[in-house]
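First the structure, in the form of structure tokens, and then the observations on it.
In my numbering, the protein residues as written are 3 to 212.
Below is the structure:
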């Protein structure tokens with residue numbers, strides 16, 4: 003186990019705040035995609051409740067447990083109607099990683115505010131920083147070409163026929179493959195290597211503030 007559950011013995015408050023930050027950020031990813039789809043005249047996600055912050059809409063109990071154990075917060079996929087094709091479908095799906103990065107930036111800004119106003123509340127600052135970094139990792143990971151991830155869904159929607167067929171073949175095991183790939187990337191250090199430049203860029207943006 004190397005997920006946030008490892009914090010339960012030594013710092014349960016950080017664990018709680020970290021989980022709230024990460025799960026809330028990934029839920030915002032879904033909510034943002036749902037509202038964008040609605041703005042592009044596709045109400046399927048809204049009708050399924052994905053514009054709501056209700057946790058049960060975005061996560062199953064199993065996905066929350068696997069996040070705590072493995073560190074990957076894999077939400078339910080935002081439903082899109084078959085009519086949302088072409089650039090509108092691509093825009094909706096590819097907005098996902100960007101939404102995660104924007105949420106990570108927001109958490110960094112909140113951490114900066116905490117340092118200025120609640121400097122004694124170290125647990126909050128630590129959790130905000132860790133949650134922001136985890137969301138940056140998720141932004142990278144959601145760009146992987148797997149059926150349940152944003153870029154994989156975009157390829158299945160608008161990619162070449164061979165890619166569409168490949169995504170269809172993998173769709174049955176999509177979530178299992180996502181967890182396996184997450185473990186491989188995390189254990190090999192590749193996920194950190196890919197996320198660090200994004201994280202550095204977000205910190206540079208925050209550093210521009212007075």
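Where is the CB? At the ideal position from N, CA and C, for every residue including glycine.
Because the structure is a prediction, the values reported are computed rather than measured.
May I have the straight-line CA-CA distance separating residue i from residue j, to the nearest angstrom?
i, j, result
"residue 193", "residue 203", "16 Å"
"residue 153", "residue 142", "10 Å"
"residue 173", "residue 179", "9 Å"
"residue 122", "residue 129", "14 Å"
"residue 37", "residue 26", "16 Å"
"residue 22", "residue 80", "20 Å"
"residue 56", "residue 162", "36 Å"
"residue 117", "residue 89", "42 Å"
"residue 78", "residue 175", "14 Å"
"residue 83", "residue 49", "11 Å"
"residue 157", "residue 92", "9 Å"
"residue 20", "residue 46", "31 Å"
"residue 63", "residue 69", "10 Å"
"residue 105", "residue 165", "30 Å"
"residue 7", "residue 188", "16 Å"
"residue 120", "residue 199", "28 Å"
Does the beta-carbon distance from residue i to residue j come in below 8 Å?
i, j, result
"residue 31", "residue 98", "yes"
"residue 115", "residue 208", "no"
"residue 71", "residue 5", "yes"
"residue 133", "residue 24", "yes"
"residue 87", "residue 159", "yes"
"residue 102", "residue 140", "yes"
"residue 138", "residue 201", "yes"
"residue 28", "residue 125", "no"
"residue 95", "residue 40", "no"
"residue 44", "residue 85", "yes"
"residue 184", "residue 74", "yes"
"residue 61", "residue 33", "no"
Residue i by DSSP, collapsed to three states: which one?
i, result
"residue 62", "coil"
"residue 44", "coil"
"residue 136", "helix"
"residue 4", "coil"
"residue 169", "helix"
"residue 188", "helix"
"residue 53", "coil"
"residue 73", "coil"
"residue 123", "coil"
"residue 10", "coil"
Taking three-plus beta-carbon pairs below 8 Å as touching, is the segment 165-175 in contact with the segment 143-151? Remark: three or more beta-carbon pairs, one from each stretch, lie closer than 8 Å, so the segment 165-175 and the segment 143-151 are flagged as touching.
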